[in-house]
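Asks: Residue numbers (the working numbering): 1439 to 1544.
Every residue gets a Cβ at the ideal spot worked out from N, C-alpha and C, and that includes glycine.
Just so we're clear, the structure is a prediction, and the values are computed from it rather than from any experiment.
Once you've had a glance at the structure underneath, I'll fire off some questions.
And the structure:
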C-alpha cells in the first residue's frame, strides 16, 4: 500500500509541478507542496494509530474499532445473546440461539 501511495503522489507532483510553477512561480509552488506535506504529517500524527509490535489480529481489531465501532465479532457472548433476545420472536428464537451457539464455537 505504501509503495502505491508513493507512486501516486510522485505522479501527481510530476503532472502538476510545471503547471503550478508557471502560474504562481517556483518558490510559491514549493511552499504549496510543503504546506501539503505539513498537513499530511499532522493527519497521520493525529489519526493513524501506532501498530509497531502488534499482531495482525490486533491491528485488524484496532482498525475495525476505529472505523465501525466495536464489531460484533469482538463482542462477548453475553452481549451477543442480549442482542439476539431483543431481535428474535418467540417462534424463531430457538433456531437463532442454536445457530449463534454453533458460530461461537467455530
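Within the continuous alpha helix (DSSP H) that includes residue 1498, where are the two ends?
Replies: Where residue 1498 is concerned, the enclosing alpha helix (DSSP H) stretches over 1494-1506.
Asks: Does residue 1451 have its Cβ less than 8 Å from a Cβ in chain D?
Replies: Going by chain labels, chain D is absent from the structure shown, which holds only one protein chain.
Asks: Helix, strand or coil for residue 1462, going by three-state DSSP, please let me know.
Replies: It is helical.
Asks: Helix, strand or coil for residue 1486 per DSSP?
Replies: Coil.
Asks: Pull up the CB-CB distance for residue 1489 and residue 1497, whole angstroms please, since I reckon it's below 8 Å.
Replies: With 8 Å as the limit, residue 1489 and residue 1497 qualify as a contact, their Cβ atoms being about 5 Å apart.
Asks: If we ignore side chains and look at the alpha-carbon of each, how far apart do residue 1477 and residue 1502 end up?
Replies: Whole-angstrom Cα-Cα distance: 25 Å.
Asks: Could you check which residue in 1464, 1458, 1500 has the C-alpha nearest to that of residue 1492?
Replies: Comparing Cα-Cα distances from residue 1492 to each of 1464, 1458, 1500, the minimum goes to 1500.
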